[in-house]
Amino acid sequence: MSSKKHHDDLSCVCDAVEHILAEQEAIEENCSTSCYSNLLNPTIAPGRDTIPFMLYTKKGELFKAFGNVGGLFNDDCFFTVFFRVENLKDCCATLSLLRPVDEEGETLSVSCPCDDNGENGFFGLEKTDFCIEVDLDCFCAIQCLSPALVNRAIDKPRHRGDK
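Read left to right, the sequence shown gives residues 1 to 163 (my numbering).
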């Protein structure tokens, strides 16, 4: 559930994340009048319920987080710069980590999305159950990405830590 606070008190990053969460929740409720219905409509693209984004620190660097630390879920630890908002309250957000994968569905650690990693470079994103709590006031920019990146990998066995 998104927070409803006076927009004058919110940062532009917090405003953007609040809007993203509202759009994701509208799709989950099958709201056909959503502004993003062409991008996120599950009837057009099944499973498309995520607006992935990247956050930039006040120093202009991409924010990154680590998933599966210690390799507890039969996969390697990874770091990612890609996130999905799960919850928001007073500019504090729960973000799930989106796992970067190559065309074979293998996990990548991506620190710069435009780096050419050769034949097995960055191809898409997978939703995971790994989350991080962040204070959105600590960021100065957000960059939304195409929802088509999520679940783009085909025929990959699911990891135990994935949704």
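For every residue, glycine included, the Cβ atom is placed at its ideal position computed from N, Cα and C. All values derive from a computational prediction rather than experimental measurement.
query = On the three-state DSSP scale, how would you describe serine 34?
reply = Along the sequence shown, one-based indexing puts residue 34 at 34. With a pLDDT of only 45 at serine 34, under the threshold of 50, the placement of this residue in the model should not be trusted, and no figure is reported.
ask   = Per DSSP, what kind of secondary structure is isoleucine 132 in: helix, strand or coil?
value = Translated into the one-based positions of the sequence shown, residue 132 becomes position 132. In the structure shown, isoleucine 132 falls within a strand segment according to DSSP collapsed to helix, strand and coil.
query = Near cysteine 144, what residues of its chain come up, given a Cβ to Cβ distance below 8 Å and the 5 sequence neighbours on each side ignored?
reply = The count along the sequence shown starts at 1 and reaches residue 144 at position 144. Around cysteine 144, the same chain offers Ala16, Ile20, Ile51, Pro52 and Phe53 as residues with beta carbons nearer than 8 Å, after the five sequence neighbours per side are excluded.
ask   = From glutamate 18 to phenylalanine 73, what distance separates their C-alpha atoms?
value = Along the sequence shown, read from residue 1 onward, the residue named residue 18 stands at position 18. Along the sequence shown, read from residue 1 onward, the residue named residue 73 stands at position 73. Whole-angstrom Cα-Cα distance: 31 Å.
inquiry  = Nearest by alpha-carbon distance to cysteine 92: which of Phe130, Val69, Cys138 and Phe63 is it?
reply    = On the sequence shown, residue 92 is found 92 positions in, with the first residue counted as 1. Checked all of Phe130, Val69, Cys138 and Phe63; the closest Cα to cysteine 92 is Cys138.
Given arginine 26 as reference, the closest of Asp49, Ile132 and Cys12 once Cα atoms are compared = Locating residue 26 in the sequence shown gives position 26, counting from the first residue. Looking at the sequence itself, residue 26 is alanine, so the reference to arginine does not match. Nearest option by C-alpha distance: Asp49.
ask   = So phenylalanine 78 packs on glycine 67, CB below 8 Å; how close in whole Å?
value = Mapped onto the sequence shown, residue 78 falls at position 78. Mapped onto the sequence shown, residue 67 falls at position 67. Indeed they touch by this definition, with Cβ atoms about 5 Å apart.
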